[in-house]
Amino acid sequence: MLDDALIEVAAYENLKALCWNRRDRYLGAEEAFRLYERNWRLVDQRRMNLAERALIERLTARYGNGVLNV
Numbered sequence: 002m003l004d005d006a007l008i009e010v011a012a013y014e015n016l017k018a019l020c021w022n023r024r025d026r027y028l029g030a031e032e033a034f035r036l037y038e039r040n041w042r043l044v045d046q047r048r049m050n051l052a053e054r055a056l057i058e059r060l061t062a063r064y065g066n067g068v069l070n071v
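My numbering runs 1 ahead of the 1-based position in the sequence shown.
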């Protein structure tokens with residue numbers, strides 16, 4: 002489950018862009034969700050691949066109760 006999951010930043014282009022100023026290779030799942038939510042205006046949805054879309058859907062279901070507040 003996502004509770005204890007670490008997300009590899011480099012595996013997701015938008016997440017990698019959002020983490021430009023961080024040194025961490027991994028983020029906790031909830032931290033990744035909050036980062037997407039806070040910075041959604043910077044996310045390039047047109048270029049997002051299916052794996053990243055699926056990740057965001059799982060994170061939203063788990064940490065946003067099905068809602069991404071953007």
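Ideal placement from N, C-alpha and C gives every residue a C-beta, glycine not left out.
In the three-state reduction of the DSSP assignment, L69 falls in the coil class. In its chain, beyond the 5 residues on either side, Y64 have a beta carbon closer than 7 Å to the beta carbon of E31. For Y64, the uninterrupted alpha helix (DSSP H) segment begins and ends at 51 to 64. V44 counts as buried, since no fewer than 16 other beta carbons sit within 10 angstroms of its beta carbon. Checking the DSSP bridge columns, you'll see E9 partnered with Y27.
Around E9, the same chain offers R26, Y27 as residues with beta carbons nearer than 7 Å, after the five sequence neighbours per side are excluded. In terms of Cα proximity to L36, the closest of N50, A11, C20 is C20.
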